[in-house]
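All remarks here apply to the structure that follows.
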Amino acid sequence: MYPRVTIDTKKLEHNTKIIADACAGHGIEIMGVTKSFCAVPGAAEAMIRGGVKFLADSRVKNLMKVKDLDVKKVLLRLPMKSQAEDVVKYADISLNSEIETIEVLGQEAIKQGKTHNIVLMTDLGDLREGFLPKDVDSAVEKILKIEGIKLYGLGVNLTCYGGVVPDDKNLGQLCDIAGHIEKKFDVKLEMITGGNSSSFYLLDKGTMPDKVNNLRMGEIIVLGRETAYGDAIEGTYDDAFKLQAEIVEVKTKGSVPIGEIGMDAFGNTPTFEDKGMIVRAIAAVGRQDVDPDNLTPLDEGIEILGSSSDHLLMNISASKMDYKVGDIVEFKLDYGSLLSLTTSEYIEKVCE
Ligand SMILES: *Cc1c(COP(=O)(O)O)cnc(C)c1O
Numbered sequence: 010m011y012p013r014v015t016i017d018t019k020k021l022e023h024n025t026k027i028i029a030d031a032c033a034g035h036g037i038e039i040m041g042v043t044k045s046f047c048a049v050p051g052a053a054e055a056m057i058r059g060g061v062k063f064l065a066d067s068r069v070k071n072l073m074k075v076k077d078l079d080v081k082k083v084l085l086r087l088p089m090k091s092q093a094e095d096v097v098k099y100a101d102i103s104l105n106s107e108i109e110t111i112e113v114l115g116q117e118a119i120k121q122g123k124t125h126n127i128v129l130m131t132d133l134g135d136l137r138e139g140f141l142p143k144d145v146d147s148a149v150e151k152i153l154k155i156e157g158i159k160l161y162g163l164g165v166n167l168t169c170y171g172g173v174v175p176d177d178k179n180l181g182q183l184c185d186i187a188g189h190i191e192k193k194f195d196v197k198l199e200m201i202t203g204g205n206s207s208s209f210y211l212l213d214k215g216t217m218p219d220k221v222n223n224l225r226m227g228e229i230i231v232l233g234r235e236t237a238y239g240d241a242i243e244g245t246y247d248d249a250f251k252l253q254a255e256i257v258e259v260k261t262k263g264s265v266p267i268g269e270i271g272m273d274a275f276g277n278t279p280t281f282e283d284k285g286m287i288v289r290a291i292a293a294v295g296r297q298d299v300d301p302d303n304l305t306p307l308d309e310g311i312e313i314l315g316s317s318s319d320h321l322l323m324n325i326s327a328s329k330m331d332y333k334v335g336d337i338v339e340f341k342l343d344y345g346s347l348l349s350l351t352t353s354e355y356i357e358k359v360c361e
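Quick note on the working numbering: the sequence shown kicks off at 10 and runs consecutively.
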């Protein structure tokens, strides 16, 4: 069935192993972050074979899909109070920054006869989630009194909203806060989780603070690219995930529409470059599934012209291939296209 996203689980496992081994060399365990591919279980399993110690996702619905896989599950997005029951049920650990939510999680944990682990998030400048450093002490004091809850660790998220790059300063601050908490409250924080794929470069640089013992890795595993500077990671694949779409029309036509140009299907007024007659192909996939700007054809002779809700238009004049109706074209993906394609119910997800 087409269109489909193919997942090369061997490549994914390989990528995971490279990242997990590099981190293990610095005493760091990793969470495999599954949200960019909606936690397709076959892909999550490849991450486990590659060496992740946890599976982590922003959405409880995705954690439900992997509930039977034998590693700890982590909820990355701050829990909604209204979903406390499912959070406690499907996540062993959740990242938190609101006392009132943690209280509800505690009540729910008691109800389910469990202890729920929380990682307290600090905001060290990126201005997404977390307590400001000055407010961490009073938060910890309250959390330690909440029944059903274990303060499992301390964390930070960077390079997400504000684009702040992790360094020895902000991660050093995370470790200082952790050390201070452990001393002041006489507790052991099992997990100091120092960010996402953007923290990886610090390992090579040799400036990852020692106390960081966990990283939450998504994009770097899935696309083989770190996210502080966008560098490819040596030895990893960038094409473990691909889109395959089927051609439904091939015709030689003009490159500029004929007639008065009004609005396109999305209310924009399009402009066209006149390239004379070209060979045009239409593939059956559209904006409802993916933004065409986030696709890269594997055949360099294919130029993406644009798309409407259900049709992807391509100029195939420069291709060496003699495409016919029914042929399959393949595309490499970026984070945005992987996310939207795997979210679309019209796209098959196939593990190979
Ligand atoms: C998405 C997310 C990650 C993973 O980010 P990548 O850049 O894909 O590695 C880590 N932590 C949190 C809290 C997240 O929301």
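We treat Cβ as the ideally placed atom computed from N, Cα and C, and that holds for glycine.
Since residue i sits in a beta bridge, which residues does DSSP pair it with?
i	result
V165	T131
N126	I102, K159
S91	In the DSSP output, where bridge partners are listed per residue, S91 has none listed.
D66	L84
F340	L252, P306
A241	R234
K262	I287
N324	R289, E312
V14	L252, K358
F281	Paired residue(s): none; F281 is not in a bridge.
F140	T131
So is the beta-carbon of residue i under 7 Å away from any non-hydrogen atom of ligand 1?
i	result
E228	yes
L342	no
V42	yes
S349	no
S45	yes
S346	no
L322	no
T352	no
T110	no
R86	yes
T236	yes
R68	no
S103	no
S207	yes
R225	yes
A303	The sequence as given places Asn at residue 303; Ala does not occur at that position. The answer is no for N303.
N166	yes
For chain B, check one thing: does any of its Cβ atoms lie closer than 8 Å to the Cβ of residue i?
i	result
M272	Given the protein chain composition of this structure (a single chain), no chain B is represented.
Between the options, which has its C-alpha nearest residue i's C-alpha?
i	options	result
K329	T305, D298, V288	V288
L304	D273, L347, S318, L87	L347
V1	N24, A48, Y210, G227	In the structure displayed, the chain extends from 10 to 361; residue 1 sits before or after that span and is not available.
K62	V113, L198, N222	N222
Q297	L350, D132, I256	L350
I242	E255, E228, I111, K251	E228
E150	P279, D331, D195	D195
E54	N277, T25, K143, R68	T25
H320	I256, Y332, L84, A118	I256
P279	D248, K70, K76, L314	L314
G295	T261, G285, I325, A254	A254
K143	L133, I152, R137	L133
V338	T352, G345, M323, A327	M323
L85	K260, K74, V165, A29	V165
T15	G59, A65, A249	A249
V259	V334, K197, S91	V334
G345	D300, G162, A31, Q121	D300
T18	D30, R58, K197, L72	R58
T245	A31, V145, I102	A31
Self-check item: Complete runs of the alpha helix (DSSP H) confined to the region 161-232 [at least 4 residues]
Solution: 177-194, 210-214, 228-231
Quiz item: In chain order, which continuous runs of the beta strand (DSSP E) of length 3 or greater are located wholly inside the region 29-59?
Solution: 38-42
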